[in-house]
Amino acid sequence: MDAPTATREELFVKWQALPPVFQQQVLDFIDFLLGKYGQQQSPSLSLGNSR
-13 MDAPTATREE
-3 LFVKWQALPP
7 VFQQQVLDFI
17 DFLLGKYGQQ
27 QSPSLSLGNS
37 R
């Protein structure tokens, strides 16, 4: 089984493998959650949202 914690590089490679449309949906969903809970930024998110 995979280790519960993947390295940042592994996560980035998996993220880059996703379709751009799916990436945008995920980013929009993250933005929605952050806006809903009133958090401007989360330390666990370092995708470099340029909005």
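In this note's numbering, the protein residues as written are -13 to 37. Cβ atoms here follow ideal geometry from the backbone N, Cα and C, with glycine treated the same way. Treat the numbers as computed from the prediction; the structure is a model and nothing was measured.
Hey, how far is the Cα of residue i from the Cα of residue j?
i     : j     : result
E(-5) : L4    : 15 angstroms
D17   : T(-7) : 24 angstroms
L19   : P6    : 20 angstroms
K0    : D14   : 18 angstroms
Q2    : G21   : 25 angstroms
T(-9) : V12   : 20 angstroms
Looking only at its own chain, which residues have a Cβ that is under 8 angstroms from the Cβ of residue i, when we skip the five neighbours before and after it?
i  : result
Q9 : W1
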